[in-house]
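K.L.:
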Amino acid sequence: MSLRRKSVLSIGISVVLLLVGLLLFSRLFLLGSFLELEAGIVREHTWRVINEYESENNHFHTLAIGWAHWDDTFNFARGQYADYVARNLDDYYLLNEHLDVIALLDAEGHILYATTFENTRGEFLAPSAEVTALLTPDSALLQAVTYPDGLVGLVMLEQGPLMVAAVPILRSDGRGAAAGTLVFGRWLDAAERQLLAQRTRFDLELQAFDSAALPADFATVQGAVLQETIVTRVLNEQMVAGYTLLRDISGAPAYVLRVCLPRAIYAQGERVLFYFVLFMIGAFALLALIAWGILERGILARVARLDSELRRIRQSGDFALRVSAAGQDELSSLALSTNAMLESLANSHQIVQQALDVREQTLRSISHDARTPLSVITMYAEMLQREMHGSVNPKQSEVLTNIRASAFQLLGFINNLLDDAQLSAGKLTLIKSEFMLADLLSDVRLVTQPLADKKGLTLTFDCEADLPPILYGDVTRLTQIVTNLVTNAIKYTESGYVRVRSTRSDPQQWTIFVEDSGIGIDDTAQRLVFEAFWQSSGKPGKVSGVGLGLSIVKQLTEIMGGTVRLQSTPGKGSVFSVCLPLESAPVSAAVAS
């Protein structure tokens with residue numbers, strides 16, 4: 179390896195290592211800082227939702243206190259205001275205040291009035307047995323009511339979470355013994371959660387703490403919310419969430435509330451990191467160019483010039499010539515020493531000639547001795563690559579499989595270009611023979627399965643029983659047709675499946691279908707898809723290839739006397755069908771087989 183190549187390699191490796199280290203450092207610390215900032219913002223916004231929830235509870239509690247500490251309510255509880263319900267508790271008011279449950283009980287805990295709002299029927303009805311059980315004197319709710327302000331909190335019922343406010347009924351001045359208890363209830367249903375989400379402008383989700391069917395992200399934080407007030411988790415690349423625990427009136431875990439936020443901070447961090455790394459790549463590239471320029475001009479060019487001058491002197495045999503000795507560094511000293519040596523050689527030509535003869539003989543021997551082992555090494559390397567000395571281990575097989583997938587794509591591009599040239603010139607000749615369709619499909623699977631696995635696609639092959647077990651045709655070109663169609667389907671399918679199915683269309687023809695769940699092809703593109711060097715622009719990102727695969731499929735199919743058709747719906751996938759004639763093998767070929 180030349181000195182220049184060694185220098186370029188050394189500078190390149192140094193720059194790459196520095197960039198890799200910088201990237202790891204940046205992701206670890208810079209992006210980590212953005213993640214911490216993101217988590218802090220999630221906690222801050224989750225606190226906002228908690229405060230809004232508590233504020234709503236306080237408002238609900240205040241509403242209940244206002245009704246409970248009122249002389250009219252007190253008199254009704256004492257049996258002195260018979261028209262109280264008709265005059266005050268009309269449906270319009272209850273709906274306006276979002277009251278789903280209202281109950282008035284006397285001092286002994288007997289229900290004086292109770293009603294619940296039925297969402298499905300849109301009217302107030304008698305309370306259910308579950309709500310009625312909540313209003314019995316020995317219920318946990320009424321036992322927990324304190325004097326004079328009562329309580330507010332969640333109650334877990336079969337119908338769902340119920341926010342209740344239970345307040346002792348007192349006179350308007352708040353003094354004296356309680357005449358009973360007033361209970362307001364509000365279902366914490368989807369509509370109520372939607373109102374809370376609208377007020378906070380966040381995406382909210384509520385799940386029962388002890389539910390047997392908790393979503394995966396809720397299940398992962400189920401234990402953490404018992405220890406921490408707010409727990410943050412990353413949902414995916416676009417969303418992050420904060421979780422907090424809502425307890426019932428007894429303090430037991432009731433519901434887990436999730437607040438979802440877009441990952442704007444993290445996305446900003448990714449952009450900052452991208453531009454930072456891009457800037458550093460440019461800076462390191464510029465630094466490498468400057469270092470290379472200094473190294474080239476100050477050392478390598480002078481060494482090359484010294485080598486060239488010494489080679490010229492050696493080739494000419496004129497020891498009166500001298501090398502350049504400009505400068506005051508080690509190379510200049512080397513040049514001066516070389517000139518002194520040349521001067522000594524000029525005075526002792528015979529000795530120098532003998533030394534040159536010995537040197538030439540030595541170099542010839544070294545060259546001969548080195549060439550043979552290098553040739554042997556090259557030969558053995560090629561033999562190992564062809565597995566002529568045994569099979570490879572599983573790890574090597576995995577590596578070779580990945581190499582095969584990439585090499586197959588590149589080889590496919592080259593073969594397509596060569597085949598297109600042959601087809602255009604009319605020089606492509608079909609070589610027909612008997613073959614088994616199952617073997618053909620197996621060969622296609624062998625080269626396309628790594629591509630499907632790389633994208634996580636399901637690749638299936640199905641050969642229906644109505645086809646003859648042995649067919650006749652150009653198996654190489656048929657393999658190329660199916661491979662091009664399957665590769666094209668994999669290329670334009672991001673998730674789902676690619677299916678290959680072969681069937682007998684009629685007694686004279688057989689058909690291969692290649693179906694995918696990809697992006698589909700619109701009507702305009704379907705008219706151009708078989709044109710050479712044309713590619714669909716519907717797939718996001720960069721699409722590899724030169725746009726010859728489907729063109730060659732069409733030309734090969736027509737040469738074989740068949741037809742190719744396309745059925746596609748944008749967003750739902752495509753189905754390519756290649757219909758070919760069933761051919762019989764010549765008698766001589768059948769006898770030979």
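Convert by adding 178 to the 1-based position in the sequence shown; the result is the number in the working numbering.
Beta carbons: idealized from backbone N, C-alpha and C, even for Gly.
The structure presented is a predicted model; accordingly, all values stated were derived computationally and were not measured.
Sort out for me which residues DSSP pairs Ile477 with in a bridge.
P.N.:
For the purposes of this step, residue 477 is taken as the residue at position 299 of the sequence shown. BP columns for Ile477 are empty, so no partner.
K.L.:
Put Ile443 into one of helix, strand or coil per three-state DSSP.
P.N.:
By one-based count along the sequence shown, residue 443 stands at place 265. The answer is helix: DSSP assigns Ile443 an H, G or I state.
K.L.:
Is the beta carbon of Thr741 within less than 8 angstroms of some heavy atom of the ligand HEM?
P.N.:
The ligand HEM is not part of this structure, which contains no ligands at all.
K.L.:
Do Glu370 and Cys438 have their C-beta atoms closer together than 9 angstroms?
P.N.:
Along the sequence shown, one-based indexing puts residue 370 at 192. Along the sequence shown, one-based indexing puts residue 438 at 260. No. Outside cutoff.
K.L.:
Give the range of the beta strand (DSSP E) segment to which Trp688 is assigned.
P.N.:
Reading the sequence shown from its first residue, position 510 is the one you call residue 688. Looking at the DSSP string, the run of the beta strand (DSSP E) that includes Trp688 is Gln687 to Asp694.
K.L.:
Can you give me the C-alpha to C-alpha distance between Trp470 and Leu512, rounded to a whole angstrom?
P.N.:
Here the question's residue 470 lines up with position 292 in the sequence shown. Here the question's residue 512 lines up with position 334 in the sequence shown. Distance between the alpha carbons of Trp470 and Leu512 is about 22 angstroms.
K.L.:
In or out: Arg256 buried (at least 16 other Cβ within 10 Å) or exposed?
P.N.:
Residue numbering aside, residue 256 sits at position 78 when the sequence shown is read from its first letter. Classification of Arg256: exposed, given that the 10 Å Cβ count is below 16.
K.L.:
DSSP three-state label for Asp249, please.
P.N.:
As a first step, residue 249 must be located in the sequence shown, where it is residue number 71. Three-state result, Asp249: helix.
K.L.:
When DSSP labels each residue in this structure, what does Arg500 get in the three-state scheme?
P.N.:
By one-based count along the sequence shown, residue 500 stands at place 322. Residue state, collapsed to three classes: coil.
K.L.:
Would Ile690 pass as a contact of Val653 if the rule is Cβ separation under 9 angstroms?
P.N.:
On the sequence shown, position 512 is the one that residue 690 refers to. On the sequence shown, position 475 is the one that residue 653 refers to. Not in contact: Ile690 and Val653 (Cβ atoms no closer than 9 angstroms).
K.L.:
Of the residues Ser233, Tyr259 and Pro305, which one's Cα is nearest the Cα of Ala357?
P.N.:
To locate residue 357, count along the sequence shown from 1; it is residue 179. Of the listed residues, the one whose Cα sits closest to Ala357 is Tyr259.
K.L.:
Taking the CB atoms as reference points, tell me whether Phe754 and Ala616 lie closer together than 9 angstroms.
P.N.:
Stepping through the sequence shown from its first residue, residue 754 is reached at position 576. Stepping through the sequence shown from its first residue, residue 616 is reached at position 438. Not closer than 9 angstroms, so no.
K.L.:
In or out: Ile280 buried (at least 16 other Cβ within 10 Å) or exposed?
P.N.:
Position 102 of the sequence shown holds residue 280. With 16 or more other Cβ atoms within 10 Å, it is buried.
K.L.:
Tell me, to the nearest whole angstrom, how far the beta carbon of Phe295 is from that of Asp278; I am working on the premise that it is less than 8 angstroms.
P.N.:
The residue labelled residue 295 in the question sits at position 117 within the sequence shown. The residue labelled residue 278 in the question sits at position 100 within the sequence shown. Confirmed, about 4 angstroms.
K.L.:
Label Ser350 either buried or exposed according to how many other C-beta atoms from any shown protein chain fall within 10 Å of its C-beta, with 16 as the threshold for buried.
P.N.:
Position 172 of the sequence shown holds residue 350. Label assigned to Ser350: exposed.
K.L.:
Report the rounded CA-to-CA distance for Leu201 versus Ala463, giving the unit in angstroms.
P.N.:
Position 23 of the sequence shown, counted from the start, is the residue given in the question as residue 201. Position 285 of the sequence shown, counted from the start, is the residue given in the question as residue 463. In a straight line, the C-alpha of Leu201 is about 15 angstroms away from that of Ala463.
K.L.:
Hey, quick one: how far does the alpha helix (DSSP H) through Ser185 stretch, first residue to last?
P.N.:
Working through the sequence shown from its first residue, we reach residue 185 at position 7. Where Ser185 is concerned, the enclosing alpha helix (DSSP H) stretches over Leu181 to Phe203.
K.L.:
Output the boundary residues of the beta strand (DSSP E) element that contains Phe613.
P.N.:
In the sequence shown, counting from the first residue as 1, residue 613 sits at position 435. Its beta strand (DSSP E) spans residues Ser611 to Met614.
K.L.:
Does the count of Cβ pairs from the region 220–227 and the region 242–252 closer than 8 angstroms reach three?
P.N.:
No, the region 220–227 does not touch the region 242–252.
K.L.:
Tell me whether the region 236–248 and the region 332–339 touch, counting them as touching only if at least three CB pairs, one residue from each stretch, are closer than 8 angstroms.
P.N.:
No contact exists between the region 236–248 and the region 332–339.
K.L.:
Run through DSSP, which three-state label would Arg259 get?
P.N.:
Translated into positions along the sequence shown, residue 259 becomes position 81. What sits at residue 259 in the sequence shown is Tyr, not Arg. Tyr259 falls in the coil class under three-state DSSP.
K.L.:
Classify Asp694: buried if its beta carbon has 16 or more other beta carbons within 10 angstroms, exposed otherwise.
P.N.:
Residue mapping note: residue 694 aligns to position 516 of the sequence shown, counting from 1. That one is buried.
K.L.:
For Leu213, which of Arg679, Ala482 and Ala419 has the nearest alpha-carbon?
P.N.:
Stepping through the sequence shown from its first residue, residue 213 is reached at position 35. Taking only the C-alpha atoms, the option nearest Leu213 is Ala419.
K.L.:
Work out the CA separation of Leu423 and Pro393 for me, nearest whole Å.
P.N.:
On the sequence shown, position 215 is the one that residue 393 refers to. On the sequence shown, position 245 is the one that residue 423 refers to. Approximately 15 angstroms, taken between the alpha carbons.
K.L.:
Roughly how many angstroms separate the alpha carbons of Pro440 and Ala461, rounded to a whole number?
P.N.:
The sequence position of residue 440 within the sequence shown is 262, counting from 1. The sequence position of residue 461 within the sequence shown is 283, counting from 1. Their backbone Cα atoms lie some 33 angstroms apart in a straight line.
K.L.:
Indicate whether the contact test is met: 3 or more Cβ pairs, each with one atom in the region 475–484 and one in the region 190–204, closer than 8 angstroms.
P.N.:
No: the two stretches stay apart, fewer than three of their Cβ pairs being nearer than 8 angstroms.
K.L.:
Going by beta carbon distance, what residues of the same chain come within less than 8 angstroms of Thr671, once the five residues before and after it are set aside?
P.N.:
Sequence index remark: in the sequence shown, residue 671 carries index 493 (1-based). Within the same chain, Thr671 has close Cβ partners Lys633, Leu635, Asp694, Ser695, Gly696, Ile697 and Gly751.
K.L.:
Pull up the DSSP beta-bridge partners for Gln385, would you.
P.N.:
On the sequence shown, residue 385 is found 207 positions in, with the first residue counted as 1. Partner(s): Val434.
K.L.:
Among His247, Val194 and Tyr291, which residue has its Cα nearest to the Cα of Tyr262?
P.N.:
As a position in the sequence shown, residue 262 is number 84, starting the count at 1. Of the listed residues, the one whose Cα sits closest to Tyr262 is Tyr291.
K.L.:
Taking the C-alpha atoms as reference points, what is the distance between Ser683 and Lys610?
P.N.:
Along the sequence shown, one-based indexing puts residue 683 at 505. Along the sequence shown, one-based indexing puts residue 610 at 432. Computed Cα separation, rounded: 21 angstroms.
K.L.:
Between the C-alpha atoms of Arg436 and Tyr421, what's the straight-line distance to the nearest angstrom?
P.N.:
For the purposes of this step, residue 436 is taken as residue 258 along the sequence shown, with counting starting at 1. For the purposes of this step, residue 421 is taken as residue 243 along the sequence shown, with counting starting at 1. Spanning the two alpha carbons is a distance of roughly 5 angstroms.
K.L.:
Mark Ser553 as exposed unless 16 or more other C-beta atoms lie within 10 angstroms of its C-beta, in which case mark it buried.
P.N.:
Taking the first residue of the sequence shown as position 1, residue 553 is located at position 375. In this prediction, Ser553 scores a pLDDT of 46, lower than 50, which makes its location untrustworthy; no coordinate-derived value is stated.
K.L.:
Look up Asp507 in the DSSP assignment and give the residues it is bridged to.
P.N.:
Here the question's residue 507 lines up with position 329 in the sequence shown. Bridge partners of Asp507: none, in fact.
K.L.:
Count the other CB atoms, across all protein chains shown, that sit within 10 Å of the CB of Leu624; report buried if there are 16 or more and exposed otherwise.
P.N.:
In the sequence shown, counting from the first residue as 1, residue 624 sits at position 446. When all chains shown are included, Leu624 counts as exposed.
K.L.:
How far does the alpha helix (DSSP H) with Glu308 in it extend, from its first residue to its last?
P.N.:
Within the sequence shown, numbered from 1, the residue matching residue 308 stands at position 130. Looking at the DSSP string, the run of the alpha helix (DSSP H) that includes Glu308 is Ala307 to Leu312.
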